[in-house]
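Trainee:
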Amino acid sequence: MNSQNILRITLFISVLAFNPAVAQTLTQRTLGALALQKQHRLGAQIAKHLEAKGLEADAAKTIGESFLQKNHTQTGVMVTNIVHHNIATQEDVIAYLSDEALFRRSTDLSDYDTLVRMVTQIHQDKLSKEMLARLQKVAQQNSMIAV
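With my numbering as the guide, the letters of the sequence shown map in order to residues 117 to 263.
1) Just reading off the alpha helix (DSSP H) that K169 is part of, what are its end residues?
2) Contact between the segment 237 to 244 and the segment 192 to 212: three or more CB pairs below 8 Å?
3) May I ask you to report which of helix, strand or coil DSSP gives R221?
4) For L243, report the span of its alpha helix (DSSP H) as first-last.
5) Can the beta-carbon of D227 be found closer than 9 Å to that of A255?
6) Between the C-alpha atoms of K169 and T126, what's the straight-line distance to the nearest angstrom?
7) With distances taken Cα to Cα, identify the nearest neighbour of F265 among V199, E172, L166, T196.
8) Keeping to the same chain, check which residues put their C-beta closer than 6 Å to that of F219; ignore five residues upstream and five downstream.
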């Protein structure tokens, strides 16, 4: 680990310890940075999932890239936020997004109704009040990301 990374980590921890309001903002930024690192893989994961369903590699790659073309950065952050709140696994979200991309449906992960539909489709069960409350919180956070 180089000295610049050690300095960043030390600064991050000290800010978290001394200012909770800044801590939440930095946590969101950290999640955003992690999502950006994963973003190039998100399109590839969607394409891989579509290939597993029988699409040709080129067609799957084109569909995956065009699906994320509009808001690729925000989608990565929103997926990370969904996984962070234990709403669904990343694999489940990728599978859902792959289906949406295949049928060329636009998907707004900051919309509460979309999140409820996604989780209902993933879990195939009635959602608890606790899960609905978590979905509401995630929708609010994702809508702040979408701004």
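Where is the CB? At the ideal position from N, CA and C, for every residue including glycine.
Mentor: In short, the structure shows the following:
1) First-last for K169: undefined, no H or E at that position.
2) yes
3) For R221, the three-state secondary structure derived from DSSP is coil.
4) Element bounds for L243: n/a, residue is neither H nor E.
5) yes
6) 46 Å
7) No answer is possible for residue 265: it lies beyond the span of the chain, which begins at 117 and ends at 263.
8) The beta carbon of F219 lies closer than 6 Å to none in the same chain, with the five residues before and after it left out.
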